[in-house]
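For the sequence shown, numbering that gives the first Met the number 0 begins at 0 and goes up steadily by one.
No residue lacks a Cβ here, since even glycine has one placed at the ideal position from N, Cα and C.
I have placed the structure first, in the form of structure tokens, so that the comments after it can refer back to it.
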Amino acid sequence: MTVPRVSILCITYNHARFIRDALDGFVMQKTNFPFEVLIHDDASTDGTADIIREYATKYPDIIKPILQTENQWSRGVSISKLYQWPRIRGEYVAVNEGDDYWTDPYKLQKQVDFMDAHPDYSVCFHPVRVVWDNGAYPDSIFPSPKYRFNKTTLELSDLLKHNFIQTNSVMYRWRRECVDLYPSGILPGDWYQHLLHAQVGKIGFIPDVMSVYRRNDGGIWTGAFETDAWFKKCTLPVLNFYNNAEKQFKHNYFDAMVDTMSGAICAFLRAGDMDTIGKLREMYPDVYAAATTRINNQDFVGLKNKYRKYKRAFNVLLCVLLGFLMFGGLL
């Protein structure tokens, strides 16, 4: 049996509109080594699984599917830990979700060549073109040079500040103990994966734009840190991410947790969900206390600004009234 040098991880759910682009991006890769596509469909209801079967039949040596009949994510199952990572056979791992796609047929070859030439690097990535599915915004390139600190070689300390690696641009020198080190129930999971690999080597940047990242209304980061719906769905996993990252990487994320908690409290108050607020207070008491203080301070500032607005209006009205009285007196 041929052992692949690269294992490509792809998780799909209701991606029928997009999955052909992703699969075409995989099978068009031109390499001097074998690779495999480990694809997991989480019981899609829109025909995604049928398209995957079609490609698996046509490319049986490349496409290795798991097609669920019951949705695993809704049951709280970590799909990557349980179904994907145990199947990895490659020395290197690339990632692409079912609604994104690769545009360069030499993407894998370029990244493997880089990693082979730099054995002290555990991660490499490249810029991606960001495309809004609804056309709401023009296309852009991520990350900007500034967002990656104007560096082409980066380290764990850089990545702890913020995530500058788009998932479908990354290649890891696979760290097999990730299965044990990766905590369940966190968001964003890709950032945590980047961090785990950056713990054991440098991060390299290849300047070629080689993939497209789609932003769509159904994405989990739509409305992130803004909408009540997002806070309802993501607050606990995001807090769990920061909590575990503090322990694993010895980096202080307290302010980020307070920011998340502040938005969550307001969202759950608007929904009248006191049970969840109580759960948040019980799980993260220090963060909760700091968040409520911040919310109170923000309310106070808001009231002061409102007072100033009405005070200015009152002063204008008073000037008009005095002018009227003076004018009336002259008559």
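CB of residue i within 8 Å of CB of residue j, strictly
{"i": "R172", "j": "G134", "result": "no"}
{"i": "A116", "j": "L107", "result": "no"}
{"i": "H196", "j": "V122", "result": "yes"}
{"i": "T11", "j": "I38", "result": "yes"}
{"i": "D138", "j": "V127", "result": "no"}
{"i": "M27", "j": "P144", "result": "no"}
{"i": "F204", "j": "F141", "result": "no"}
{"i": "W72", "j": "V178", "result": "no"}
{"i": "M114", "j": "Y91", "result": "yes"}
{"i": "L194", "j": "L155", "result": "yes"}
{"i": "N95", "j": "C9", "result": "yes"}
{"i": "E35", "j": "K57", "result": "no"}
{"i": "D202", "j": "Y146", "result": "Note on identity: in this sequence residue 202 is Ile, with Asp being the wrong assignment. Taking 8 Å as the Cβ cut-off, I202 and Y146 do not qualify as a contacting pair."}
{"i": "G24", "j": "T102", "result": "yes"}
Beta-carbon contacts of residue i that lie in its chain and below 6 Å, excluding the five residues immediately before and after
{"i": "D98", "result": "H14, F17, R213"}
{"i": "G89", "result": "P3, R4, V5, S6"}
{"i": "R280", "result": "Y287"}
{"i": "D132", "result": "R213, N215"}
{"i": "C233", "result": "L186"}
{"i": "T30", "result": "L107, Q108"}
{"i": "Y350", "result": "Nothing can be reported for residue 350: it is not among the residues displayed for the chain, which extend from 0 to 330."}
{"i": "K303", "result": "Note that K303 has pLDDT 39, beneath the 50 cutoff, so the model's placement of it is unreliable and no number is given."}
{"i": "M170", "result": "Y91, A93, Q110, C123"}
Under the three-state DSSP convention, the category residue i falls into
{"i": "K106", "result": "helix"}
{"i": "H196", "result": "helix"}
{"i": "F204", "result": "strand"}
{"i": "K145", "result": "coil"}
{"i": "P64", "result": "strand"}
{"i": "S77", "result": "coil"}
{"i": "E35", "result": "strand"}
{"i": "I18", "result": "helix"}
{"i": "V2", "result": "coil"}
{"i": "T292", "result": "helix"}
{"i": "S210", "result": "strand"}
{"i": "W190", "result": "helix"}
{"i": "W101", "result": "strand"}
{"i": "S261", "result": "helix"}
{"i": "E225", "result": "coil"}
{"i": "Y241", "result": "helix"}
{"i": "Y120", "result": "strand"}
{"i": "L279", "result": "helix"}
{"i": "L181", "result": "In the sequence as presented, Leu is not what sits at residue 181; that position holds Tyr. The answer is coil: DSSP assigns Y181 none of H, G, I, E or B."}
{"i": "K57", "result": "helix"}
{"i": "I164", "result": "coil"}
{"i": "G46", "result": "coil"}
{"i": "M27", "result": "coil"}
{"i": "K231", "result": "helix"}
{"i": "D285", "result": "helix"}
{"i": "Y252", "result": "coil"}
{"i": "Q247", "result": "helix"}
{"i": "D112", "result": "helix"}
{"i": "A266", "result": "helix"}
{"i": "D272", "result": "coil"}
{"i": "Q83", "result": "helix"}
Sequence-distant residues of the same chain with beta carbon closer than 8 Å to residue i, five excluded per side
{"i": "I50", "result": "A15, I18, R19, L22"}
{"i": "L268", "result": "I276"}
{"i": "R293", "result": "V257, S261"}
{"i": "K80", "result": "V178, Y181, S183"}
{"i": "G327", "result": "Note that G327 has pLDDT 46, beneath the 50 cutoff, so the model's placement of it is unreliable and no number is given."}
{"i": "A223", "result": "W229, C233"}
Rounded Cβ spacing between residue i and residue j (contact assumed at less than 8 Å)
{"i": "Y252", "j": "A244", "result": "6 Å"}
{"i": "R4", "j": "P33", "result": "6 Å"}
{"i": "S77", "j": "S210", "result": "That pair is no contact at about 25 Å."}
{"i": "N162", "j": "P187", "result": "7 Å"}
{"i": "F248", "j": "L159", "result": "6 Å"}
Bridge partners - residue i, DSSP secondary structure assignment
{"i": "D40", "result": "T11, L66"}
{"i": "I367", "result": "Because residue 367 is not part of the residues shown, which for the chain are 0 to 330, the question remains open."}
{"i": "L153", "result": "I202"}
{"i": "R172", "result": "Y91"}
Own chain partners of residue i with C-beta closer than 7 Å, once the 5 adjacent residues on each side are dropped
{"i": "T68", "result": "A42"}
{"i": "F240", "result": "I185, L186, P187, Y191"}
{"i": "D227", "result": "A266, R269, A270"}
{"i": "A255", "result": "Y241"}
{"i": "L316", "result": "In this prediction, L316 scores a pLDDT of 43, lower than 50, which makes its location untrustworthy; the coordinate-derived value is nonetheless stated afterwards. Nothing meets the Cβ criterion."}
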